[in-house]
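Participant: Structure in structure tokens, see below.
Residue numbers (this note's numbering): 21 to 467.
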């Protein structure tokens, strides 16, 4: 179905806002993107980033927009985790089946590229234009230098809020009656660090791996960049014995890295420099409903469902929102009321599911990945999945290498976990984990 040309505003020029703009241009709409910040193409990135892991859902939305190949040029495929467990040599865990990878992309590089592609498609960007108010029923935006100063009024047919976890558009919707909203911060913060390339520009660690140093209550991760460097993220409690609060000077920071991450010794100078230069950021899970107001306003991405980053699905979930919107626009033409209703009704359960999965993965990545019983369970699951691919797809693969709903991955994952809990109770499981009895037991429980 075709659509009548609309005058549409998008608030937020981040990844979701710029991709949505490209999709909407494909339908022939006039698009203006507002952002209170400077154009990211002319500023240094702020040291608040976690490299992005693009997976199936993200690629599908980029393919639909016709820009998948363009983005692959700035991404590095990662087909495995590299586990840096203390007192052990590095060992590798394959992510999925042969040929399945997640892709590491620098947030800054991707955002700049997406804005370029959106401009090329005919999108207008208004940077450093702050939105102070929104008239929801009339889809009007009010911008100005300050809250007390003079405001400029813009009239639109539709407004999309893509302005992140602390969205100005959602803030206005929250004042409506019967708008549900909750936010939950975790007691762990993160800080961006970096490992520079070798003198010849090569990577210091395996470049096709997602590197994890699990340390119980905290962990370090590293993802490769095209220039040979790694963007690292240190996840650490805000307060406590080992915490951001407890590291107050360079000497303590050096001792911390030396003690907990001995195999990044050669980069300690660099890491301690970053530790004090870069901000410590918080992580929040934000849920709300409804995501739309009449046929006038809709929230997309983090403004509707911010999640913690431990499944690498924040961007992918936002891009999937856009894919779903695109399909509904094709089905329902100009019936924006139906488009918006079906969009929020289909996406909300999936957003809640990936929020739950991401939170659980935080617990798993930081504390369980070094636990022998947990690792044995994963080995049993992997072996069974390889022998019976039609009967057992691991949750990680369902989330990362599939387009099936997140809510299905959560439900199936819970059922699989219940089965595995029974399997792990078998006497002498450590000795017979790869034998016939265990396989029969899982088959029996699946029936």
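Glycine included, C-beta positions come from ideal geometry on N, C-alpha and C.
1) Could you pull out every unbroken beta strand (DSSP E) segment of at least 3 residues lying fully inside the segment 218-266, listed in chain order?
2) Please classify residue 234 as buried or exposed, where buried requires at least 16 neighbouring CB atoms within 10 angstroms.
3) Whole angstroms is fine: what's the gap from residue 301's alpha carbon to residue 338's?
4) I believe residue 251 touches residue 75 by the beta-carbon criterion, under 8 Å. Please report the beta-carbon distance rounded to the nearest angstrom.
5) For residue 259 and residue 237, I'd like the C-alpha separation in whole angstroms.
6) Report yes or no: do three or more beta-carbon pairs, one from the segment 81-88 and one from the segment 39-55, lie closer than 8 Å?
7) With a threshold of 8 Å between beta-carbons, can residue 53 be considered close to chain D, or not?
8) Does DSSP put residue 152 in a helix, a strand or coil?
9) Nearest-angstrom Cα distance between residue 413 and residue 308?
10) Starting from residue 97, trace the beta strand (DSSP E) both ways and give me its first and last residue.
11) Nearest to residue 213 by alpha carbon, out of 254, 278 and 120?
12) At what residues does the beta strand (DSSP E) containing residue 55 begin and finish?
13) Can you check the segment 87-175 for any beta strand (DSSP E) of at least 3 residues that lies completely inside it and give the ranges in chain order?
14) Less than 8 Å between the beta carbons of residue 247 and residue 282, yes or no?
15) Quick check: the Cα distance between residue 223 and residue 95, rounded to an integer number of angstroms?
16) Can you tell which of 161, 411, 455 and 97 has its C-alpha closest to the C-alpha of residue 463?
17) Given residue 277, which residues of its chain have a CB within under 6 Å of its CB, disregarding the five upstream and five downstream residues?
18) Hey, how far is the Cα of residue 363 from the Cα of residue 320?
19) Could you please give the first and the last residue of the uninterrupted alpha helix (DSSP H) stretch that includes residue 351?
20) Let me know if residue 181 comes out buried or exposed under the rule of 16 or more other beta-carbons within 10 Å of its beta-carbon.
21) Which residues in the same chain have their Cβ closer than 6 Å to the Cβ of residue 325, if we skip the five residues on either side of it in sequence?
22) Expressed to the nearest angstrom, what Euclidean distance is found between the alpha-carbon atoms of residue 144 and residue 31?
23) From the DSSP output, which residues share a beta bridge with residue 27?
24) Can the beta-carbon of residue 151 be found closer than 8 Å to that of residue 163?
25) Determine the contact status of residue 305 and residue 375, defining contact as a CB-CB distance below 8 Å.
26) Could you check if residue 135 is buried or exposed, using at least 16 other CB atoms within 10 Å of its CB as the buried criterion?
27) Is the segment 196-206 touching the segment 331-345, taking contact as three or more C-beta pairs under 8 Å?
28) Can you grab the Cα-Cα spacing for the pair residue 261 / residue 293, in whole Å?
29) Tell me the residue span of the alpha helix (DSSP H) that contains residue 433.
30) Work out the CA separation of residue 116 and residue 422 for me, nearest whole Å.
31) Quick one, which of 426, 267, 51 and 100 has its alpha-carbon nearest residue 112's?
32) If you compare alpha carbons, which of 348, 418, 366 and 129 is closest to residue 22?
33) Could you give the first and the last residue of the continuous beta strand (DSSP E) run that contains residue 305?
34) Return the bridge partner residues of residue 180 from the DSSP annotation.
35) Do you know whose CA, among 51, 119, 445 and 415, lies nearest residue 433's CA?
36) May I have the straight-line CA-CA distance separating residue 39 from residue 440, to the nearest angstrom?
Facilitator: Checking against the coordinates, here is how it stands:
1) 229-234, 239-244 and 250-257
2) On the chain shown, position 214 is the one that residue 234 refers to. It is buried - the Cβ of residue 234 has at least 16 other Cβ atoms within 10 Å.
3) On the chain shown, position 281 is the one that residue 301 refers to. On the chain shown, position 318 is the one that residue 338 refers to. Residue 301 and residue 338: Cα-Cα distance of roughly 21 Å.
4) On the chain shown, position 231 is the one that residue 251 refers to. On the chain shown, position 55 is the one that residue 75 refers to. That pair is no contact at about 17 Å.
5) The residue given as residue 259 occupies position 239 in the chain shown. The residue given as residue 237 occupies position 217 in the chain shown. Cα to Cα, residue 259 sits roughly 11 Å from residue 237.
6) yes
7) This model lacks chain D altogether; it includes just one protein chain.
8) Looking up residue 152 in the chain shown gives position 132. If DSSP states are grouped into helix, strand and coil, residue 152 belongs with the strands.
9) Taking the first residue of the chain shown as 1, we reach residue 413 at position 393. Taking the first residue of the chain shown as 1, we reach residue 308 at position 288. If I take the Cα positions, the gap works out to 31 Å.
10) For the purposes of this step, residue 97 is identified with residue 77 of the chain shown, where counting begins at 1. Where residue 97 is concerned, the enclosing beta strand (DSSP E) stretches over 96-98.
11) Along the chain shown, one-based indexing puts residue 213 at 193. Nearest of 254, 278 and 120 to residue 213, Cα basis: 254.
12) The residue labelled residue 55 in the question sits at position 35 within the chain shown. That run of the beta strand (DSSP E) goes 50-55.
13) 96-98, 100-103, 111-114, 122-125, 144-147, 151-155, 160-164 and 171-175
14) Locating residue 247 in the chain shown gives position 227, counting from the first residue. Locating residue 282 in the chain shown gives position 262, counting from the first residue. Cβ distance not < 8 Å, so residue 247 and residue 282 don't count as in contact.
15) Reading the chain shown from its first residue, position 203 is the one you call residue 223. Reading the chain shown from its first residue, position 75 is the one you call residue 95. Each residue's alpha carbon lies about 15 Å from the other.
16) Within the chain shown, numbered from 1, the residue matching residue 463 stands at position 443. Per the Cα distances, 411.
17) Here the question's residue 277 lines up with position 257 in the chain shown. Excluding positions up to five away in sequence, the list reads 288 and 291.
18) Indexing the chain shown from 1 puts residue 363 at position 343. Indexing the chain shown from 1 puts residue 320 at position 300. One C-alpha to the other measures close to 10 Å.
19) Residue mapping note: residue 351 aligns to position 331 of the chain shown, counting from 1. Counting along the chain, the alpha helix (DSSP H) containing residue 351 begins and ends at 334-352.
20) Along the chain shown, read from residue 1 onward, the residue named residue 181 stands at position 161. Answer is buried; the Cβ neighbour count reaches 16.
21) One-based indexing of the chain shown puts residue 325 at position 305. Excluding sequence neighbours, residue 325 sits near 371.
22) Residue 144 sits at position 124 when you count from the first residue of the chain shown. Residue 31 sits at position 11 when you count from the first residue of the chain shown. So the alpha carbons of these two residues sit roughly 12 Å apart.
23) Residue mapping note: residue 27 aligns to position 7 of the chain shown, counting from 1. Paired residues: 50.
24) If you number the chain shown from 1, residue 151 lands on position 131. If you number the chain shown from 1, residue 163 lands on position 143. Against a cut-off of 8 Å, the Cβ pair of residue 163 and residue 151 comes out as a contact.
25) Residue mapping note: residue 305 aligns to position 285 of the chain shown, counting from 1. Residue mapping note: residue 375 aligns to position 355 of the chain shown, counting from 1. A contact, by the Cβ cut-off of 8 Å.
26) Residue numbering aside, residue 135 sits at position 115 when the chain shown is read from its first letter. Residue 135 should be labelled buried.
27) no
28) Numbered from its first residue, the chain shown carries residue 261 at position 241. Numbered from its first residue, the chain shown carries residue 293 at position 273. Whole-angstrom Cα-Cα distance: 22 Å.
29) For the purposes of this step, residue 433 is taken as residue 413 along the chain shown, with counting starting at 1. Here the alpha helix (DSSP H) through residue 433 covers 426-444.
30) Within the chain shown, numbered from 1, the residue matching residue 422 stands at position 402. Within the chain shown, numbered from 1, the residue matching residue 116 stands at position 96. Distance between the alpha carbons of residue 422 and residue 116 is about 11 Å.
31) In the chain shown, counting from the first residue as 1, residue 112 sits at position 92. Closest option to residue 112, Cα to Cα, is 100.
32) The residue you call residue 22 lines up with position 2 of the chain shown. Answer by Cα proximity: 348.
33) Numbered from its first residue, the chain shown carries residue 305 at position 285. Run containing residue 305: 304-309, per the beta strand (DSSP E) assignment.
34) The sequence position of residue 180 within the chain shown is 160, counting from 1. Bridge partners of residue 180: 30 and 318.
35) Mapped onto the chain shown, residue 433 falls at position 413. Measuring from the Cα of residue 433, the nearest candidate turns out to be 415.
36) One-based indexing of the chain shown puts residue 39 at position 19. One-based indexing of the chain shown puts residue 440 at position 420. Cα to Cα, residue 39 sits roughly 40 Å from residue 440.
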